[in-house]
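Q: Take a look at the following structure, please.
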Amino acid sequence: AAVIAVISVWTPLAHPEIAARWLGWPNTLWFAPVPVLVVATVWQLLKRLDGAPDASPFVLTLCLVFLGYSGLGISIWPNVIPPSITIWEAAAPAQSLSFALVGALLIIPLILIYTAWGYYVFRGKVDASQGYH
C-alpha cells in the first residue's frame, strides 16, 4: 500500500503530461474512483488479516493488483506504447488481425472439446479420500 501511495504521488510530479491527464476535467471522472477504491481495499485488507477466511486477503490483494494496473492503464491511455504512438497506430493491420481471429475461432473450440474429453475420460478415477484434490 505504501508503494502504491509513493508511486501515486511521485508519478504526477515527475511527468507533467500524466499530471495533466490525471487532473484534467474529463479524465478526473475516470481516475478519481481508483484511489478511493485502493484506500477502501487496503482498509478491508488490513481489517481482515486476522480471523478472516484465507481467501479474503488473497482476493483483496488481487483487487489491489487490478486497481494498480487500472491506474496505469488510465494514466497512459491512449498512448500505450511511446507517448507519440496510439494503440491504433501500433496495432497490426486489419487483415492480419482478421486472420488471427479466424484462427482463434477455429482452434479455441477444438482445445475446449479436447479438454472436456480429457475430463470425461478420467472422471471417477481418483476420489478425494486418496488425498488428491
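Heads up: the sequence shown begins at 5 in the numbering used here, then just goes up one per residue.
Just so it is clear, CB atoms sit at the ideal spot from N, CA and C, and this is done for glycine as well.
Terminal residues of the continuous alpha helix (DSSP H) containing phenylalanine 103?
A: Locating residue 103 in the sequence shown gives position 99, where the first residue counts as 1. Its alpha helix (DSSP H) spans residues 98-125.
Q: Would you mind reading off the limits of the alpha helix (DSSP H) that contains arginine 25?
A: As a first step, residue 25 is located in the sequence shown; it is residue number 21 there, counting from the start. Taken as a continuous stretch (DSSP letters only), the alpha helix (DSSP H) holding arginine 25 covers 20-27.
Q: Whether or not the segment 92-108 and the segment 35-55 are in contact is what I'm after, with contact meaning three or more pairs of Cβ atoms, one per stretch, closer than 8 Å; do they touch?
A: Cβ pair count under 8 Å is below three, so no.
Q: Just the Cα atoms here: how many angstroms apart are valine 106 and isoleucine 112?
A: Numbered from 1 along the sequence shown, position 102 holds the residue referred to as residue 106. Numbered from 1 along the sequence shown, position 108 holds the residue referred to as residue 112. Rounded to the nearest angstrom, the two C-alpha atoms are 10 Å apart.
Q: Could you give the distance in angstroms between the alpha-carbon of aspartate 131 and the alpha-carbon of leucine 64?
A: Looking up residue 131 in the sequence shown gives position 127. Looking up residue 64 in the sequence shown gives position 60. Approximately 32 Å, taken between the alpha carbons.
Q: So for threonine 32, helix, strand or coil by DSSP?
A: By one-based count along the sequence shown, residue 32 stands at place 28. Three-state result, threonine 32: helix.
Q: If you measure between the beta carbons of asparagine 31 and isoleucine 80, is that distance less than 9 Å?
A: As a working mapping, residue 31 is identified with position 27 in the sequence shown. As a working mapping, residue 80 is identified with position 76 in the sequence shown. No, Cβ-Cβ distance for asparagine 31 and isoleucine 80 is not below 9 Å.
Q: Of the residues Pro16, Leu66, Leu116, Pro82, which one's Cα is nearest the Cα of threonine 45?
A: Indexing the sequence shown from 1 puts residue 45 at position 41. Nearest C-alpha to threonine 45: Leu66.
Q: Go through its chain and collect everything with a Cβ distance to leucine 71's Cβ below 7 Å, but skip five positions before and after it.
A: On the sequence shown, position 67 is the one that residue 71 refers to. Excluding residues within five positions, the ones whose Cβ falls inside 7 Å are Val38, Leu41, Val42, Thr45.
Q: Where does tryptophan 26 land, buried or exposed, given buried means 16+ other C-beta within 10 angstroms?
A: For the purposes of this step, residue 26 is identified with residue 22 of the sequence shown, where counting begins at 1. Buried, since its Cβ has 16 or more Cβ neighbours within 10 Å.
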